[in-house]
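Here the sequence shown is numbered in full-length UniProt numbering, starting from 1 and rising by one per residue.
A quick write-up on the structure given underneath.
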Amino acid sequence: MATESYKDTLLPLLLEASVLSFGTYTLKSGRVSPYFFTSSLLHTSTLLGALARSYASVLTSPPFSLLLGKDEAGSDSKVPYSPQFDILFGPAYKGIPLSAIVTRELEFSGKQFAGVSYAFNRKEAKDHGEGGTIVGAPLKGKRVVILDDVMTAGTAMREAVSIIKAQGGIVVGVVLLLTRQERVSDSEPRSAMKVAEDELGIPVRAVLKFEDLIEAIEAGQLQGAGPEQLEQMKIYREKYGSIGKGLVAAYLSRPNNTVIAGVRDLQHPTSVSLQSLPKDPSSSLIVVKIDSLSETDALDAVAKLESKHDVDNLDVVVANAGISAIWPAVAEAKPSDMIDHYRVNAVGITLLFQAVLPLLKKSSSNKNITPKFVTLGTIAGSIAAQETVPVPNAAYGPSKAAMNWITKKIHLEHPYLIAFPLSPGFVDTDMGKAGAKFFGMGPEVLITLDESINGMTKVIDSATRETASGKNLTYEGKEDPY
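Structure (structure tokens):
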């Protein structure tokens with residue numbers, strides 16, 4: 001299986017060739033972006049070679065290639081990956097050279113890829129010679145992966161899918177060069193990639209993600225991109241893309257919602273950017289200060305909601321704040337690190353619950369509904385799963401185990417509530433990637449923010465006292481052990 005080391009080579013090359021540039025750019029969507037990507041400049045042999053290797057790296061990894069089995073020792077470390085596709089399809093025009101160079105590159109990935117072919121479409125049907133609209137390998141009955149550069153609204157990809165299906169081909173995936181990891185529009189909180197995945201039911205992956213650009217700047221790999229560019233990139237990410245912000249965006253997009261966002265610093269650019277999130281005309285946003293380390297912030301916020309905003313009840317509370325800063329073994333854990341994690345992940349949750357409880361009670365009595373208090377869970381906090389997840393985690397893990405205990409106790413002590421921990425999954429965020437890297441896990445364990453948010457909101461929406469309360473649930477609706 002290939003690693004993601006190709007990014008260390010590809011990104012500096014893209015910057016040097018001005019394919020990737022930093023500045024202030026107004027996109028077709030009207031958004032002002034701190035970076036721009038010009039794929040038409042991908043025309044040198046050096047760039048095309050790096051590009052081919054990068055696409056091949058994605059295609060020789062799950063879900064596009066899977067293990068053939070295990071060796072005699074029962075290990076899969078030396079077993080080759082088998083392609084789950086037959087043809088690479090390049091939509092005209094930019095996809096045509098991509099499909100050709102990547103097919104050629106796959107030959108160097110092992111003999112199992114030697115049979116992979118490529119095809120592309122003509123913009124206009126040829127009325128002489130062999131005729132038709134398809135050039136290259138016949139598509140009928142074949143498993144096809146579409147290659148393209150970037151996806152904006154997904155129109156070109158949908159056209160490619162229709163062309164392939166019309167020829168009898170079976171579309172099994174899409175690989176892009178870049179995903180911006182931002183919502184499609186004011187009315188669509190999912191990214192273009194997620195919309196495509198949901199609509200077509202196939203994996204859509206990207207060689208590079210917006211988060212990769214941030215990581216490369218932080219690592220000093222992109223010459224000329226420094227602290228100023230990094231700050232602008234992070235502000236853009238927060239504006240259009242974190243779990244907390246994702247939940248806020250999801251609920252604001254629905255009708256008749258009053259969404260209350262708790263933030264540590266009201267003046268921080270990421271907090272200010274919440275006001276720019278799209279919302280249904282009948283919904284509204286209130287931003288209040290709640291620092292999990294403060295013993296009074298949550299109470300003060302509730303008092304402000306009642307006195308200034310006439311909010312006297314709450315239907316759903318999601319305790320999203322948390323930290324995961326260090327993962328030591330028990331023998332190496334520092335008391336200060338353990339206390340810091342416990343104060344935010346356990347005590348902070350408790351303080352929030354105590355503050356909002358009166359408003360949850362009013363929702364129960366005045367509206368005759370069952371209000372919900374949801375905490376953000378994780379398998380790392382499971383005592384029962386320690387043997388199956390054998391990782392050092394003596395600061396974050398115990399604090400989350402305590403949070404689980406508190407959440408379960410809330411369920412037992414307040415029968416008029418629905419209370420449960422909900423794991424967002426290993427999300428492709430700063431915290432998620434840092435944890436995966438520390439534990440030696442590859443990028444394949446990460447899920448997109450869209451996947452997490454969509455799953456979480458579905459679980460919260462459908463949760464009842466009988467089906468969810470007191471259980472340790474995941475964004476997929478599955479139950480983890482305590």
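Don't be surprised by glycine CBs; every beta carbon is placed ideally from N, CA and C.
On a predicted model such as this, the values are computed, not experimentally measured, just so you know.
If contacts are defined as beta-carbon pairs under 8 Å, then F120 and V135 qualify, I think. What distance do you get, rounded to the angstrom?
Correct: roughly 6 Å between the Cβ atoms.
Which residue wins for smallest C-alpha separation from E218, given the options V204, D149, E231, A395?
Across the set V204, D149, E231, A395, the C-alpha of E231 shows the shortest separation from the C-alpha of E218.
Could you check the C-alpha separation between Q386 and G132 for me, to the nearest Å?
59 Å
Quick check on the DSSP output: what are the complete alpha helix (DSSP H) runs of length 4 or more inside the stretch 250 to 331, in order along the chain?
269 to 272, 297 to 308
With burial defined as no fewer than 16 other Cβ atoms inside 10 Å of the residue's Cβ, what is the status of P335: buried or exposed?
exposed
Where does K194 fall in DSSP's three states?
Secondary structure at K194: helix, using DSSP grouped into helix, strand and coil.
Quick one: what's got a C-beta closer than 6 Å to S109's C-beta in the same chain, skipping five residues either side?
Only A56, T60 meet the Cβ criterion.
Taking the alpha carbon of Q267 as the reference point, which residue from V287, T258, L252, L277 has its own alpha carbon closest?
Out of V287, T258, L252, L277, V287 has the C-alpha closest to the C-alpha of Q267.
Evaluate the contact criterion for the stretch 81 to 93 versus the stretch 34 to 44: three or more CB pairs, one atom per stretch, below 8 Å.
no
Could you check if K7 is buried or exposed, using at least 16 other CB atoms within 10 Å of its CB as the buried criterion?
buried
Pick helix, strand or coil for V116, following the three-state DSSP scheme.
coil
Determine, using beta-carbon pairs with one atom in the stretch 454 to 474 and one in the stretch 359 to 377, whether at least three such pairs fall under 8 Å.
yes
Within this structure, are the beta carbons of L247 and L314 separated by less than 8 Å?
With respect to the 8 Å criterion, L247 and L314 are not classified as neighbours on the basis of their beta carbons.
Roughly how many angstroms separate the alpha carbons of A73 and I243, rounded to a whole number?
Any answer about A73 is weak, because its pLDDT of 49 lies below 50 and its placement is not dependable; what the coordinates show is given next. Rounded to whole angstroms, A73 to I243 spans 41 Å at the Cα level.
Pick helix, strand or coil for Y81, following the three-state DSSP scheme.
Note: Y81 maps to strand in three-state DSSP.
Helix or strand or just coil, what does DSSP make of G141?
coil
Name the residue from K279, Y236, Y251, L305 whose alpha carbon lies nearest to the alpha carbon of S271.
Y236
Buried or exposed for V161, going by 16 or more other Cβ atoms inside 10 Å?
buried
Have a look at P390, E211, R180 and flag the residue whose alpha-carbon is nearest the alpha-carbon of L27.
R180
Note down the Cα distance separating L412 from E182, rounded to an integer number of angstroms.
C-alpha separation (whole angstroms): 39 Å.
In three-state terms, what does DSSP make of I96?
helix
In the structure shown, what three-state DSSP assignment does L48 receive?
helix
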